[in-house]
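Numbering (the numbering used here), first residue to last: 2 to 148. Notes follow the structure.
This is the structure we're talking about:
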């Protein structure tokens, strides 16, 4: 067995690249804390889009909305202007009407922020509805998205 075989392999995840722009920073020159949540939202949206699920189509065709039900963030290190970041997204679990996600925002090998989110599937009236079968199938079987 070689030493390379003993190295821990990275967990599969959806990866979304993002650059820090001037508009993302605060007066101190670092990313304003709420903008990490915007980065995480963009990554979740692109993960779904790449899996074939668009928010507008789900609303128009299925009359469902994916809304944030719970969100927690742990800020570990600051990002700065012009940093190239990556947001990894993994599925932590699926409920009847919810999706639990674990997201990590990194700069190279440094983890800057962890975001744990629960997304609720709701109808136009705001009441919970079951996750569509096609969405559940993709999220539960795609190894690149499992935690």
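Just so you know, even glycine gets a beta-carbon here, dropped at the ideal spot from N, CA and C.
DSSP places residue 56 within a helical segment (H, G or I) once states are collapsed to three. Excluding sequence positions up to five before and after residue 86, its CB lies within less than 8 Å of the CB of 18, 19, 20, 21, 40, 80, 106, 107, 108 and 113, all in the same chain and listed in chain order. Close CB contacts of residue 115 within its chain, under the 6 Å cut and outside five residues either way in sequence, are with 75 and 105 (chain order). In the structure shown, residue 91 adopts extended strand secondary structure according to DSSP, grouped into three states. With a cut-off of 8 Å on Cβ pairs, the stretch 42-60 is in contact with the stretch 128-146, counting three or more such pairs. Residue 139 sits in a helix when the DSSP states are folded into three classes. Between residue 97 and residue 131, the C-beta spacing is below 9 Å.
DSSP, read as helix, strand or coil, puts residue 68 in strand. Residue 115: not part of any alpha helix (DSSP H); member of the beta strand (DSSP E) spanning 111-124, first to last residue. Annotated three-state conformation of residue 128 is coil, per DSSP. By the Cβ-count criterion, residue 56 is exposed, with fewer than 16 other Cβ atoms from all chains shown falling within 10 Å of its own Cβ.
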